[in-house]
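A.B. asks: Below are the structure tokens for one structure; questions will follow.
In full-length UniProt numbering, the protein residues as written are 1 to 341.
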């Protein structure tokens, strides 16, 4: 009996060690944001974070600019387990590929932080613009957006537009031009998952497109600057280059796909970490089957730990320019502002 117990423990330890080894092969920036989102979601589950204090609410921000921090924090909140699961299943392989072949660890970390801010600012602008004449639509203005999907759509747009222009993508068996893929996903997933944040996804695609036009170059450090930072041992970034999973700046050209010599892993290894999760989800959740399931969002009500209501009336008189924000004391009331995942 003792031998059987020891064999069972040894078998379990080997699986744990194998899983740990696969996790550490994920590039450093991708791994960081994966664990950051999971950690923050755990804080939400034990009710240490008030969702409405950190989501992106245009009405709240325009009335109380002191909540400017939500421009950044909203990206890391998720409504429920399916929301974060599908976001991370989409983010990890996509970000890993870009980190290894195009950007390197430092640049993609910088870009994700930059996109967090730019995507949120664009959402605020569109929400305000839609609420005034001649549109008079205040759905965006009185919403409260959360989720990492805006970043995912930005990275997807970059990946699709900077690859081979003759490449095609398959969506539920239908082939399409690579440049159309993010836009098809935008509308299809909005139909399948009405609670998904259309505004965040649209803003992510637009920011990704603007990036490929090199219009954001003044905000981004050059490859030479990054190389100087990484080669210096007198700063924390230079010391990080010795960590497992750190990918040095692949090249000085944005469009070159040269792999870094500091990477001793492959994209297939990274994807294998999550292949089991994909299989498990597809076997238990029939409604999310298909090649597009990675970017799906939960259409079920959120968990009781998150203040969400399906019976929200957001159709009042649209605000006139400038829009009149609601009473900020109602921002914590789950019957006032809908959550966009």
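All C-beta atoms in this analysis are idealised placements derived from N, C-alpha and C, irrespective of residue type, glycine included.
Tell me, please, whether the segment 105–118 touches the segment 181–189 by the rule of three or more beta-carbon pairs shorter than 8 Å.
C.D. replies: no
A.B. asks: Mark residue 181 as exposed unless 16 or more other C-beta atoms lie within 10 angstroms of its C-beta, in which case mark it buried.
C.D. replies: Within the chain shown, the letter at position 181 stands for residue 181. So residue 181 ends up on the buried side.
A.B. asks: With respect to the alpha helix (DSSP H) encompassing residue 203, which residues constitute its N-terminal and C-terminal limits?
C.D. replies: To locate residue 203, count along the chain shown from 1; it is residue 203. That run of the alpha helix (DSSP H) goes 198–212.
A.B. asks: Between the segment 33–47 and the segment 77–94, are three or more C-beta pairs nearer than 8 Å?
C.D. replies: With contact defined as three or more Cβ pairs closer than 8 Å, the segment 33–47 and the segment 77–94 are in contact.
A.B. asks: Thinking C-beta only, is residue 146 closer than 9 Å to residue 228?
C.D. replies: Within the chain shown, numbered from 1, the residue matching residue 228 stands at position 228. Within the chain shown, numbered from 1, the residue matching residue 146 stands at position 146. Result no, Cβ atoms of residue 228 and residue 146 do not sit closer than 9 Å.
A.B. asks: Go ahead and pull the three-state DSSP assignment for residue 217.
C.D. replies: Here residue 217 is taken as the residue at index 217 of the chain shown, counted from 1. Note: residue 217 maps to helix in three-state DSSP.
A.B. asks: Using a 10 Å radius around the Cβ and a threshold of 16 neighbouring Cβ atoms, would you call residue 58 buried or exposed?
C.D. replies: Position 58 of the chain shown, counting from 1, holds the residue named residue 58. Around the beta carbon of residue 58, 16 or more other beta carbons sit within 10 angstroms, so the residue counts as buried.
A.B. asks: Measuring only the C-alpha atoms, how far is residue 17 from residue 23?
C.D. replies: Position 17 of the chain shown, counted from the start, is the residue given in the question as residue 17. Position 23 of the chain shown, counted from the start, is the residue given in the question as residue 23. Taking the straight line joining both Cα atoms gives about 10 Å.
A.B. asks: Taking 8 Å as the threshold, find out whether the segment 89–99 comes into contact with the segment 146–159 through three or more Cβ pairs.
C.D. replies: As far as the Cβ criterion goes, the segment 89–99 touches the segment 146–159, which means the pair count is three or higher.
A.B. asks: Suppose you measure from the CA of residue 102 to the CA of residue 171; what does that come to, to the nearest Å?
C.D. replies: Stepping through the chain shown from its first residue, residue 102 is reached at position 102. Stepping through the chain shown from its first residue, residue 171 is reached at position 171. Rounded to whole angstroms, the gap between the alpha carbons of residue 102 and residue 171 is 24 Å.
A.B. asks: Of all the alpha helix (DSSP H) runs that stay within the bounds of the UniProt domain "Peptidase S54 rhomboid" (67–213), which reach a length of 4 or more residues?
C.D. replies: 70–73, 81–98, 105–131, 149–161, 181–192 and 198–212
A.B. asks: Tell me whether residue 249 is buried or exposed, calling it buried when 16 or more other Cβ atoms sit within 10 Å of its Cβ.
C.D. replies: Translated into positions along the chain shown, residue 249 becomes position 249. When all chains shown are included, residue 249 counts as buried.
A.B. asks: Is the Cβ-Cβ distance between residue 29 and residue 151 less than 9 Å?
C.D. replies: On the chain shown, residue 29 is found 29 positions in, with the first residue counted as 1. On the chain shown, residue 151 is found 151 positions in, with the first residue counted as 1. In this structure, residue 151 does not lie closer than 9 Å to residue 29 by Cβ.
A.B. asks: According to DSSP, is residue 48 helix, strand or coil?
C.D. replies: The count along the chain shown starts at 1 and reaches residue 48 at position 48. The answer is coil: DSSP assigns residue 48 none of H, G, I, E or B.
A.B. asks: Which of the three DSSP states, helix, strand or coil, is assigned to residue 284?
C.D. replies: Walking along the chain shown from the start, residue 284 turns up at place 284. For residue 284, the pLDDT reaches just 38, beneath the cut-off of 50, and the residue's location in the model is therefore unreliable, leaving the point undetermined.
A.B. asks: Around the C-beta of residue 88, are 16 or more other C-beta atoms found within 10 angstroms, so that it is buried, or is it exposed?
C.D. replies: Within the chain shown, numbered from 1, the residue matching residue 88 stands at position 88. Per the 10 Å Cβ criterion, buried.
A.B. asks: Could you tell me the alpha carbon to alpha carbon distance between residue 179 and residue 208, rounded to whole angstroms?
C.D. replies: The sequence position of residue 179 within the chain shown is 179, counting from 1. The sequence position of residue 208 within the chain shown is 208, counting from 1. Near 12 Å, if we compare the C-alpha coordinates of residue 208 and residue 179.
A.B. asks: Report the three-state DSSP secondary structure of residue 19 (helix, strand or coil).
C.D. replies: For this step, residue 19 is matched to residue 19 along the chain shown. Residue 19: helix per DSSP, three-state reduction.
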